[in-house]
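Structure record follows, encoded as structure tokens.
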Amino acid sequence: MSTLPRVTVPSGVRVLMLGLAVSLVPHAATAGFIPSNLPGLQIWLDAGDVNADGVPDVLPNGTAVPIWYDRSGQGHRLVAWNNDPNYTPKVYSAGIGGRPVVRFDGSDYLWADNYDSNNPFTVFAVANMAGTQNNRLISSQNINWLMGYWGNWEGVLHADGWITDPSNPNSRTFSPPNTTPDLFAATNTGGPSYAFYKDGVNITRNATGGNDRIGRLGLGAWNSPTNEASQGDVAEIVMYDRVLSAAELNSVGYYLTKKYGLTTAYGPPAPANTLT
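The numbering used here numbers the first residue of the sequence shown as 351 and each following residue consecutively.
Given below as structure tokens:
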């Protein structure tokens, strides 16, 4: 009497036996990743869904965004300064990667009025400058914190102390900023220990140079609409209340890379496999 061969199955892999045929296929759990698949999501701003109803928006170009609603489920929205139309950015449909962006004109300002974040955290941002007014685009309302752009520089991070500063220009930290879209990411353990990534490449210079939290996330300027304001586009912000693992960091980074057609160092996550 014949016996079936013994198959050693790696831990966590699901097996389906169809007759005597055995083949390896990707597990469905790796398909359709979105940021809310990971725990700890606190802010998810998507310019293609500014009302956060899960349905892509169909809005005329130039539609005002007085409130950018949060897709995380936490309700951590960003609102225009003093609800003033003069400080309200607008949405445009064909921005980064042909997808919608929220556009800041150099006097617009959105800030998190109901969420004052703390350490630890991980934050991602897809953005680009217009090239004409290059100060802070991704910043804070109540903390001297900025990521990506400052003072006519690109590829910098400040957290009440420099993590990556303009003192050593290179291929990823330079002046003036270009208009090419960027994917920035930062983590802080609160230890203190920061890490800063541009397009998936770690460009941290001094991991303990600053240790401040983001606080109330702000876009378009710092602290108020008239302070270090910028002209530029923001397509997406994703923020967690913990430091993501390397695999998780790659998953979110790759999701944003593919979504916006960016060139980054993030790669396809290794698939979970199923034997069939």
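Cβ coordinates follow ideal geometry from the N, Cα and C atoms, glycine included. Since we're looking at a predicted model, the values are computed, not measured.
### Query
Taking all protein chains shown into account, do 16 or more other C-beta atoms lie within 10 angstroms of the C-beta of asparagine 520, making it buried, or fewer, making it exposed?
The residue is exposed, with fewer than 16 neighbouring Cβ atoms inside 10 Å.
* Please name the residue, chosen from Ala585, Thr523, Asp466 and Leu460, that lies closest to asparagine 478 on a Cα-to-Cα basis. => Selected option, being the one with the closest Cα: Ala585.
Could you give the residue range of the beta strand (DSSP E) that holds tyrosine 547? Segment 544–548, the beta strand (DSSP E) holding tyrosine 547.
For this session: Measure the beta-carbon distance from asparagine 600 to proline 619 and round it to whole angstroms, keeping in mind my assumption that it falls under 8 angstroms.
Result: Between proline 619 and asparagine 600 the Cβ distance is about 6 angstroms, and since that is below 8 angstroms, they are a contact.
Using only alpha-carbon positions, find the residue among Asn528, Pro439, His508 and Gly582 that is nearest to glycine 560. Nearest in C-alpha terms to glycine 560, of all of Asn528, Pro439, His508 and Gly582, is His508.
| Nearest-angstrom Cβ-Cβ length linking serine 490 and tryptophan 394, presumed shorter than 8 angstroms | Contact doesn't hold; Cβ gap of about 18 angstroms is too wide.
Using CA coordinates, which residue listed in Ser595, Pro416, Phe383 and Pro389 is at the minimum distance from alanine 397?
Nearest option by C-alpha distance: Pro416.
Alpha-carbon spacing of valine 593 relative to glutamine 483, whole angstroms
Cα to Cα, the separation comes out at about 32 angstroms.
Practice problem: Enumerate in chain order the residues of its own chain whose CB-to-CB distance from asparagine 502 is below 6 angstroms, with the five nearest sequence positions on each side excluded. | Solution: So the qualifying residues of the chain are Asn484, Ser525 and Pro526.
Review point. Is it true that the CB of tyrosine 547 sits closer than 8 angstroms to the CB of alanine 557?
Key: No, the pair does not count as a contact, with Cβ atoms beyond the cut-off.
**Q.** Option nearest serine 443 by Cα separation, candidates Asn411, Leu388, Ile513 and Tyr459
**A.** Selected option, being the one with the closest Cα: Asn411.
What is the DSSP secondary structure of serine 422, reduced to helix, strand or coil? Three-state result, serine 422: coil.
* **One or two residues paired with glutamine 483 in a DSSP bridge** => Beta-bridge pairing links glutamine 483 to no other residue.
Quiz prompt | Where alanine 444 sits in the DSSP three-state scheme | solution = Looking at alanine 444 - three-state DSSP - the assignment turns out to be coil, as it is neither helix nor strand.
request  = Let me know the secondary structure DSSP gives glutamate 598 once reduced to three states.
outcome  = Here DSSP, grouped into helix, strand and coil, assigns glutamate 598 to helix.
_From the DSSP secondary-structure annotation, give me the bridge partner or partners of serine 574._
Note: serine 574 sits in a beta bridge opposite Trp572.
With a threshold of 8 angstroms on Cβ separation, who are the neighbours of glycine 447 within its own chain once the five nearest residues in sequence on each side are excluded? Hits under 8 angstroms: Pro531, Ala585, Lys609, Tyr610, Gly611 and Leu612.
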